[in-house]
Amino acid sequence: MSEISSLFSYFRLIFFLFILFFCGMSFSSELSNYSGPGDNKDGYNSKDYETNSLSLSDRKGKSADLIKFVTMKQLGLPKLDIPKDNPITREKIELGKKLFFDRRLSLNNTMSCGMCHVPEQGFTSNEIKTAVGIEGRSNLRNTPTLLNVAYNKFLFHDAREYSLENQVWQPILAHSEMAMPSFGFTIKKLELISGYKELFEKAFPGEGINMITFGKAIASYERSLISGNSAFDKWYFGGDQNAVDESVKEGFKVFVGKGNCVSCHTIGQNEALFIDDKLHNTGVGYAESMGLLSSKKTLVQLAPGEYVEVENEIIESVNQQKRRNDLGLYTITENPSHRWLFRTPSLRNISLTAPYMHNGIFSNLDEVIEFYNQGGVKNELLSPMIKELNLSKREKINLRLFLESLVGENINILIADALAAPVGDLTEDDPNWANKKDMGYNK
Ligand code: HEC
Ligand code: HEC
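Structure (structure tokens):
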């Protein structure tokens, strides 16, 4: 009898392990598919193309305890400085996340932060060079990733902002982004949307919804998007020789040696942020200002396998704003020697955040590497650190493989967590003319 029951429990154990194995497998393969545009467009140039994109309702996420990524040590990353007046808490992160994906924070209830900083597209937009805001309004610049944004001393491509708490208001109020009419209007609207008052009370007891608490909440969510422990970190800082291939190690040699990349994308003794908190002229901005990068016509794909050539003048004519000349740091200092200076971006998770540079001019890393290989674009203010490199084909490939090894270990967890967040869509209870519930005018 006891033999039979032990045999039975033995089978039960095997069965249990079997189920565990399959659950684990399906879960991990589900997670590993998260990263990348919903519709990866492989084979889009063929008329037989079939989309693999999922409707929003088919996409499932999984909430994570993000605060642990802020407090735990991740290889390759230094300890994070958190502002003393905004200690990070779970309540603030959760509130910030809800606000981040709330489309009601835009004038016509359509545009959230997360629609430009798309989680599964590296918290940027992989499919467009420069950001498109409310009602299709064009922006001048490429959307930067928010992964590890907490480590940036300067924000924006021209370094015009310094704190995540303050930065939040710029996209909310920008005419070409979320176009809210004022600080006060935004705050009042939030007060009238059911649920927010309570959530702010939990996160900021006794403070209410105001300019400061709003900024602190979103900043707390952004600050939790920390991602290290990449394959590179495990090898370079963790000493695991098998974490990366020989080609990655060779690529790293190019990065710190012949390529001279490390002189701007710096790395330290115990950590590597790949930023130097400075701005440089690589020639990208100059080339755009001088029209060196643009052709007269653009090939526009209308549907799988269907292309038309469109004169750039026609494309420009439908832009709401005339494309301004983007002079980088000069825009905020007006110092002529600051023309075309742009901030050094981090290279962590770089293979997830195409297209590249402040104007999204390069669509893949090979193009970026070729650009540096040719010594950028010559101009009177070109950084002396940008020179022709004469890299061999092998060296260029290895350099790319090294850059690809910088994807953080928890990326899929961060994306899954974002996908599990509620998307704030207009409901019948919200203040809106269509619901005959406006903000209380002429009453
Ligand atoms: C229309 C698309 C769009 C929307 C919506 C948007 N952003 Fe951005 N974001 C951008 C672009 C483009 C930049 C770079 C602008 C520049 O450098 O001048 C940027 C820059 C940033 C930066 C600076 C990152 C860095 O490394 O410098 C942060 C932080 C940020 N956005 C957060 C937010 C938050 C929070 C929201 C919602 C309140 C938001 N964004 C909404 C497109 C968008
Ligand atoms: C003189 C400093 C400097 C050097 C040297 C340098 N970079 Fe950069 N890098 C920058 C700056 C500044 C930008 C942003 C330029 C812009 O936005 O127009 C940038 C952008 C990039 C980007 C795009 C990042 C993004 O998110 O869009 C990649 C990739 C990159 N560099 C890789 C490299 C590699 C590889 C090397 C070596 C071959 C290198 N860089 C050498 C300063 C430098």
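Per this note's numbering, the very first residue in the sequence shown carries number 14; after that it's consecutive. Each residue gets a CB set at the ideal place from its N, CA and C atoms; glycine is no exception. What you are looking at is a predicted structure, and each value in this text was computed from that prediction instead of being measured.
Alpha carbon of residue i to alpha carbon of residue j, nearest angstrom
i	j	result
N403	Y175	37 Å
S151	V269	37 Å
E214	K456	29 Å
A444	G453	Per the sequence shown, residue 444 should be read as Pro rather than Ala. So the two alpha carbons sit approximately 9 Å from each other.
D55	N255	31 Å
D253	K142	37 Å
V390	R117	43 Å
V181	G197	14 Å
L340	H293	12 Å
L306	N58	24 Å
S396	D451	54 Å
E319	D61	11 Å
V267	I222	51 Å
S184	I101	First, the amino acid is wrong: residue 184 is Pro here, not Ser. Their backbone Cα atoms lie some 23 Å apart in a straight line.
Cβ neighbour criterion (16 or more within 10 Å) applied to residue i
i	result
M193	buried
A163	buried
D246	buried
V321	exposed
A447	exposed
T440	exposed
G149	exposed
D379	exposed
I106	buried
Q282	exposed
R361	buried
Y249	buried
V323	exposed
A11	With the chain running from 14 to 456 in the structure shown, residue 11 is simply not present.
D171	buried
N122	buried
V436	exposed
G421	buried
V257	buried
Closer than 6 Å: residue i CB and nearest ligand 3 heavy atom
i	result
I399	Annotation note on ligand 3: not contained in the displayed structure, which lists ligand 1 and ligand 2 as its ligands.
Report task. Note down, one range per segment and in chain order, each alpha helix (DSSP H) of at least 4 residues found wholly within the region 324 to 409. Result -> 325 to 330, 343 to 346 and 378 to 386
Query raised in the report: Within the chosen definition, does the region 80 to 91 reach the region 393 to 411 through at least 3 CB pairs nearer than 8 Å?
Result: no
Query - Segment contact flag, the region 363 to 373 with the region 224 to 241, C-beta cutoff 8 Å, min 3 pairs - result: no
Requested in this report: Please confirm if the region 294 to 306 is in contact with the region 342 to 358, defined as three or more CB-CB distances below 8 Å between the two stretches.
Outcome: yes
Query raised in the report: So, do the region 431 to 441 and the region 254 to 264 have three or more beta carbon pairs nearer to each other than 8 Å?
Result: no
Query raised in the report: Is the region 185 to 204 touching the region 389 to 405, taking contact as three or more C-beta pairs under 8 Å?
Result: no
Report task. Inspect the CB distances between the region 155 to 172 and the region 124 to 144 and report whether three or more fall short of 8 Å. Result -> yes
Query raised in the report: Is the region 121 to 135 in contact with the region 269 to 278, if contact means three or more CB pairs nearer than 8 Å?
Result: no
Query - Sufficient close CB pairs (3 or more, under 8 Å) joining the region 102 to 121 to the region 231 to 238 - result: yes
Query - Whole alpha helix (DSSP H) elements within the region 204 to 241, 4-residue minimum - result: 209 to 216 and 224 to 236
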